[in-house]
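Position 77 (the sequence shown) corresponds to 76 in numbering that gives the first Met the number 0; numbering is contiguous.
Note that the Cβ used here is the ideal one computed from N, Cα and C, for glycine as well.
Reading through the structure tokens given below for one structure.
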Amino acid sequence: MLLDASPDALRALEVAAEMARRHDVPLLAVTVEETDRLRSAAFSFASEVGAASGVIRPMDEALLSRRRERLPVGIRRAVERVAGSDGISWRLVVARGRLVEEVLALSEPGDVLMLGRVGWSSRLGRKLGTAPLVLARRAMGSVHICSAQPERERGRIAVLVEDPAAARPMLGLAAERARKARRELVLLLPSAMNADSERLAGAMGRPVPAWRSRELGSLATGEMLRVLAEEGAVELLVGRGGAWLDSPAAARLLAHWQMPLLVVGDPARP
């Protein structure tokens, strides 16, 4: 999982630790010190904007250095607190370089990459960072973009099915999550696919959880937001390689819809 000690990332850590405990798998925590940012801060003309005051001021290199030294220590303590108490096997990797490239180099096809929606830029009003969607599109394994909002007790797990032929792994995982969370599923289907809904249910395994299908007029952001709200969705599953994830509509939806997104990797992808 990717950590930067922001509230969203710490929430993702809790979700990752729970998943590691439930499936008895190790937890790898990754934090990346971006060298481009460090080089930019070293310029004599570099300045920063106070988060509370909004005042533009010269970059305090000494303060920046202290923060850089403290960050891995604080992250290690957070992982020890969340994972160590449950006896989960874990390791912390502190990498230097470009965030996306470093994370992709460490991840493998069978991994589940957990990350928050936005880092410290949430203080500036941002709802979605740039890295989560890039990693969701490019990672080899599955990517879970978590939410810092409390999980609702009631609500459905929504599954966007764009290609019935490639949907079996995603539907199997969605059914497993629905059974464990005791939630219903709603399959979001383009209008041309609505007749395939009963056949798609065969990919859910046994026992088949309670489910329904919902026809989508389009994959436009407004339509998706409306349907997700009407269905009371608390999580959205999509497959990598579909048209929606690679479209600008995905970023627009994630900027407005605050629930988790799980991108399911293609097991056949090299």
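For residue i, which residues of its own chain have a beta-carbon under 7 Å away from its beta-carbon, when the five flanking residues on both sides are left out?
i       : result
Leu-244 : Ala-135, Arg-136, Val-237, Val-262
Leu-224 : Leu-252, His-255, Trp-256
Gly-154 : Arg-182, Gly-231, Ala-232, Val-233
Glu-33  : Arg-97, Leu-98
Ala-250 : Leu-127, Leu-132
Ala-202 : Ala-166, Arg-167, Leu-170, Gly-171
Please state the DSSP three-state secondary structure of residue i.
i       : result
Gly-201 : helix
Arg-97  : coil
Val-262 : strand
Leu-2   : coil
Trp-89  : strand
Asp-7   : helix
Ala-242 : coil
Glu-107 : coil
Val-29  : strand
Pro-71  : helix
Pro-206 : coil
Val-78  : helix
Val-24  : coil
For residue i, which residues from the same chain have a beta carbon less than 8 Å from its beta carbon, with the 5 sequence-adjacent residues on both sides left out?
i       : result
Ile-87  : Ala-16, Ala-19, Arg-20, Pro-25, Leu-26
Asp-85  : Ala-16, Arg-20
Ala-242 : Glu-161, Leu-218
Ala-248 : Leu-218, Ala-219, Thr-220, Met-223
Gly-83  : Trp-89
Ser-106 : Leu-112, Ala-138, Met-139, Gly-140
Pro-71  : Thr-30, Leu-91, Val-93
Gly-204 : Gly-171, Ala-174, Glu-175
Ala-180 : Ile-156
Could you compute how far the alpha carbon of residue i sits from the alpha carbon of residue j?
i       : j       : result
Leu-98  : Ser-141 : 18 Å
Cys-145 : Ala-173 : 16 Å
Glu-183 : Ala-164 : 23 Å
Val-102 : Arg-167 : 27 Å
Ala-147 : Met-113 : 13 Å
Leu-159 : Val-31  : 32 Å
Leu-260 : Glu-197 : 24 Å
Asp-7   : Ile-74  : 13 Å
Leu-132 : Pro-206 : 33 Å
Ala-228 : Asp-23  : 34 Å
Ala-200 : Arg-239 : 20 Å
Val-111 : His-143 : 7 Å
Leu-12  : Leu-2   : 7 Å
Gly-109 : Gly-264 : 9 Å
Thr-129 : Val-117 : 8 Å
Ser-120 : Val-226 : The predicted position of Ser-120 is uncertain, since its pLDDT is 49 and thus under 50; no value can be drawn from it.
Glu-100 : Ala-28  : 16 Å
Trp-210 : Met-0   : 30 Å
Gly-115 : Ser-190 : 32 Å
When every heavy atom of the ligand SAH is checked, does at least one fall within less than 8 Å of the C-beta of residue i?
i      : result
Ile-87 : Here there are no bound small molecules, and the ligand SAH is not part of this structure.
In chain order, what residues of the same chain have a beta carbon less than 6 Å from the beta carbon of residue i, not counting five sequence neighbours either side?
i       : result
Pro-208 : Ala-174, Ala-177, Arg-178, Leu-184
Arg-151 : Val-233
Leu-235 : Ala-157, Leu-260
Ala-104 : none
* What are the start and end residues of each continuous beta strand (DSSP E) run of 3 or more residues lying completely inside the stretch 209-238, in chain order? -> 210-215, 232-238
* Inside the stretch 113-192 only - alpha helix (DSSP H) runs reaching at least 4 residues -> Runs of the alpha helix (DSSP H) inside the stretch 113-192: 129-137, 167-180.
* **At least 3 beta-carbon pairs within less than 8 Å: the stretch 73-81 vs the stretch 89-108** => In short, these stretches touch, since the Cβ pair count reaches three.
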